[in-house]
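Residues in the sequence shown are numbered from 4 upward in steps of one, following this note's numbering. Positions of the beta carbon are idealized from the N, C-alpha and C atoms, including for glycine.
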Amino acid sequence: MFKVMLVDDEKWILESLKGTVNWQELGFVIAGEAYNGIEAFDKILEIRPDVVFIDIRMPGMNGIQLIKRLHDAGLPVQCIVASGYAEFEYAKQAMQYGAVGYCLKPFDQEEIIEILMSVKGKIAQSQQLLQHTLLNAIYSEDGDPSTSEASVRHFFERLNLWGDPDEGFLAVTIQGGSGERFFSEQHSIPIPIGRGKFAYLLRGHVSADVHERLANHLSPQTKGIGISPVFMDIGRIREHIDAANIASYCYFTARVKISKEAGSNPPDELERFAMQFLDQGMKEQDARIIRQGFDLLETRFREGRYDIRHAFRLYNLVLSFVYHAGIWRSDYEERYMYDYDELVSVYGNVTNMLEYLNHVVMEGLKSPAGDTAELSGDEILPQIVQYVNGNFREHLSIQNISKRFFMHPNYLSFLFKKEMQVNFTKYLTDIRMDHACKLLRSTALSVGEIAEQSGYGDYFYFAKIFKKHTGVTPTEYRLPGKV
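Here's what the structure looks like:
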């Protein structure tokens with residue numbers, strides 16, 4: 004809902020305006036009233052409305068003076084002048100100070116609706132532009148995730164999210180579905196951070212009941228929701244969004260929809276634990292020890308002690324361990340994962356993932372001398388390269404490529420490196436990065452949109468890979484003369 008404030012020195016006129024249309028049905032709510040310009044300015048600072056209807060003639064400070072003062076203060080509010088026919092010249096003067104429209108007294112329903120729909124479009128367009136600019140500011144950081152607190156405050160003020168800084172802020176990430184129903188009552192900033200994934204920045208005062216209210220508004224499309232702790236340091240937004248994003252994978256790791264434990268566990272602890280039971284079980288070729296280890300891991304995931312980072316690292320760690328131990332069976336797919344979403348799409352939940360890993364280890368112990376598949380494919384490689392070049396925007400992996408061309412993934416990896424002098428992952432990354440560079444220099448698309456068009460569903464992962472590939476962030480790359 005967009006907040007509206009009504010300003011007129013005659014109460015009956017305000018009542019007339021309130022009764023002219025169904026404000027809620029149009030997406031607006033009357034948030035305040037004032038009867039003179041001085042009172043109105045103070046209330047606007049407090050309420051932070053999106054739209055203000057302002058009468059031209061008022062005592063103390065007239066409508067023109069109020070609009071000019073709002074303009075000079077840089078307050079993000081859409082002003083609409085309410086005037087009579089004889090005051091049309093005043094209305095035109097108000098437009099010079101940023102008023103976006105005017106309506107005539109007595110009020111006409113169709114005219115008010117037309118003005119509100121026009122203003123609604125302008126607000127949405129303005130907010131979208133600010134959100135994209137804020138998104139680019141977040142992605143401009145790498146390594147040290149801090150950014151200018153002053154610039155972030157500017158974005159917050161323009162989006163009417165700035166309130167009492169002592170109450171802090173929090174980030175909520177939603178995968179699947181939308182937070183629109185929950186967040187419609189208050190100002191929030193939705194930031195797209197992946198396919199079907201949004202982070203919402205909210206004022207800290209909602210933290211007390213945010214979990215309960217989100218639980219009451221879950222939709223069937225909602226996969227998982229992560230909630231960050233309340234934070235005061237607005238210059239480190241990326242850290243808090245990332246924490247909420249990690250927590251939102253709770254549906255994969257713990258089979259729950261909402262998690263407030265926003266990425267608090269360090270992955271290193273899990274890696275040491277995994278190495279211990281794998282090392283002992285494989286040295287002793289004891290299936291019981293290995294099974295107990297995987298069962299204990301599943302319990303810890305269900306308890307919420309581990310998150311998606313642990314699952315991702317554990318998965319690739321076990322496959323690497325088995326492969327380098329020489330017990331990899333050649334009839335298995337080499338399913339290394341490259342991001343969280345790929346892991347989730349393949350296995351659905353951590354239980355399925357652990358069952359697969361346990362099976363790979365057990366079967367490897369039974370037949371440690373796996374042979375190499377004898378497949379030829381030199382003549383097929385040009386077709387594979389052509390397919391990759393034409394479909395790099397899609398989800399590609401060595402596994403689905405090998406299935407498409409009826410080749411074993413191990414052999415395809417070997418063939419790619421032998422003939423192309425580069426492994427498959429680097430080849431695909433180079434193509435995607437070259438495409439991203441062209442879009443950054445030739446279009447006005449946001450970094451998030453460019454990430455999607457370059458084959459990356461996770462925008463933060465894209466920014467990290469881009470910085471590693473080019474030496475600069477996507478936003479820096481856009482600057483003339485930077486590269």
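Counting C-beta atoms within 10 angstroms of its own C-beta, Pro-477 has 16 or more neighbours from the protein chains shown and is therefore classed as buried. Apart from the 5 residues on each side of it in sequence, Ala-102 sits with its Cβ closer than 6 angstroms to the Cβ of Ile-70, Cys-82, Val-84 in its chain, given in chain order. In the pairwise beta carbon analysis, the stretch 306-313 is classified as touching the stretch 248-258: at least three pairs are separated by under 8 angstroms. Residue Ile-401 holds the alpha-carbon nearest to the alpha-carbon of Lys-420 among Ile-401, Arg-275, Lys-226, Leu-322. Its Cα nearest to that of Ser-449, the residue Ile-194 stands out among Ile-194, Phe-5, Leu-300. Judged by their CB atoms, Asp-344 and Gly-460 are nearer to each other than the 8 angstroms cut-off. In this structure, Ile-230 sits away from Val-209, with a CB-CB distance that is not shorter than 8 angstroms.
Beyond the five residues adjoining it in sequence on each side, Gly-171 comes within less than 7 angstroms, by CB distance, of Gly-207, Val-233, Phe-234, Met-235 in the same chain, given in chain order.
Here the alpha carbons of Thr-176 and Arg-241 stand approximately 12 angstroms from one another. Cβ-Cβ separation between Leu-368 and Glu-422: approximately 34 angstroms, too far for a contact (criterion under 8 angstroms).
In summary, Gly-40 is buried, with 16 or more beta-carbon neighbours lying within 10 Å of its beta-carbon over all protein chains present. Each residue's CA atom was taken as its position, placing Ile-57 and Met-120 some 18 angstroms apart. About 6 angstroms separates the beta carbon of Met-8 from that of Ile-47, a gap short enough to meet the 8 angstroms contact definition. Counting along the chain, the unbroken alpha helix (DSSP H) around Tyr-254 starts and ends at 253-256. Counting only residues of its own chain and dropping the five nearest sequence neighbours on each side, Ala-247 has a CB closer than 7 angstroms to the CB of Ala-174, Val-175, Thr-176, Ala-202, Gly-229, Ile-230, Ser-231, Ala-265. Glu-18 and Pro-109 have their alpha carbons spaced roughly 12 angstroms apart. In the DSSP assignment, Thr-176 forms a beta bridge with Ala-202, Gly-229.
DSSP places Glu-36 inside the beta strand (DSSP E), whose first and last residues are 31-37. When the Cα atoms are used, Phe-44 and Asn-25 turn out to be separated by approximately 26 angstroms. Restricting attention to Gly-238, Leu-273, Val-388, the CA atom closest to the CA of Arg-407 is found in Val-388. An exposed status is given to Ser-222, since fewer than 16 other beta-carbon atoms sit within 10 Å of its beta-carbon. Just so you know, the alpha carbons of Tyr-350 and Ser-323 end up roughly 18 angstroms apart. In terms of Cβ geometry, Ala-447 and Phe-465 do not form a close pair [threshold 8 angstroms].
If you draw a 10 Å sphere on the C-beta of Leu-482, you find fewer than 16 other C-beta atoms in it, and that means exposed. Taking the Cα of Gly-307 as reference, the smallest distance to any Cα among Gln-295, Val-347, Val-259 is reached at Val-259. Judged by their CB atoms, Thr-23 and Ile-115 are nearer to each other than the 8 angstroms cut-off.
Across the set Tyr-390, Gly-296, His-438, Asp-111, the C-alpha of Gly-296 shows the shortest separation from the C-alpha of Gln-279. Closest option to Leu-78, judged by alpha-carbon separation, among Lys-95, Met-61, Tyr-100, Tyr-318: Tyr-100.
By the beta-carbon neighbour count (other beta carbons within 10 angstroms, threshold 16), Asp-169 is exposed. Assigned with DSSP and collapsed to three states, Val-54 falls in strand. Residues of the same chain with a CB within less than 7 angstroms of the CB of Gln-288, apart from the 5 flanking positions on each side, are Leu-368 in chain order.
Non-local beta-carbon contacts of Ser-262 in its own chain, meaning distances under 6 angstroms to residues more than five positions away in sequence, involve Gly-229, Ala-250, Cys-253 in chain order. Look at Asp-310 here: in three-state DSSP terms it is coil, with no helix or strand label. When DSSP reads this structure, Gly-101 sits in no beta bridge, so it has no partner. Exposed is the label assigned to Gly-474, since fewer than 16 other Cβ atoms lie within 10 Å of its Cβ.
Within a 10 Å sphere around the beta-carbon of Ser-348 sit fewer than 16 other beta-carbons, which makes this residue exposed.
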